[in-house]
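A.B. asks: Mind looking over this structure? Questions follow.
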Amino acid sequence: MTLQELQNQALQLSIEKRWQLVNVLLHSLQAETMPVSKQQGLAASLIGIAKTNASPPTDEEVQVMLNERRVNKYL
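Structure (structure tokens):
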């Protein structure tokens, strides 16, 4: 079957069937052309987003931050 014959047959389908055909074709194209990095999703792209050059806080500094947060929250 040639491309022209396929197009002619597709145009003879009902509107609902043509939309179904369009959806099937789009999904198959997206699956074949989408790069692997895009398929990993948003969570994978967020790795390292909050990375800084500063050293992490010490346990004591974290306790101070938590205590300050609690004071602000409950008072």
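Counting from 1, position 62 in the sequence shown corresponds to residue 62 in the UniProt record's numbering; the numbering is continuous, with no gaps. All C-beta atoms, glycine included, are put in the ideal place defined by N, C-alpha and C.
1. Can you give me the C-alpha to C-alpha distance between residue 63 and residue 53, rounded to a whole angstrom?
2. How many Å lie between residue 59 and residue 66 at the Cα?
3. Please tell me whether residue 21 and residue 29 are closer than 8 Å, where the distance is taken between their beta carbons.
4. Mapping DSSP to helix, strand and coil, what is residue 51?
5. Work out the CA separation of residue 7 and residue 49 for me, nearest whole Å.
C.D. replies: Concretely, from the data shown:
1. Position 63 of the sequence shown, counted from the first residue, corresponds to residue 63. Position 53 of the sequence shown, counted from the first residue, corresponds to residue 53. Those two C-alpha atoms are separated by around 22 Å.
2. What you label residue 59 is simply residue 59 of the sequence shown in a count that begins at 1. What you label residue 66 is simply residue 66 of the sequence shown in a count that begins at 1. C-alpha separation (whole angstroms): 10 Å.
3. Counted from its first residue, the sequence shown places residue 21 at position 21. Counted from its first residue, the sequence shown places residue 29 at position 29. Not closer than 8 Å, so no.
4. In the sequence shown, residue 51 corresponds to position 51, counting from 1. Looking at residue 51 - three-state DSSP - the assignment turns out to be coil, as it is neither helix nor strand.
5. For the purposes of this step, residue 49 is taken as residue 49 along the sequence shown, with counting starting at 1. For the purposes of this step, residue 7 is taken as residue 7 along the sequence shown, with counting starting at 1. Spanning the two alpha carbons is a distance of roughly 47 Å.
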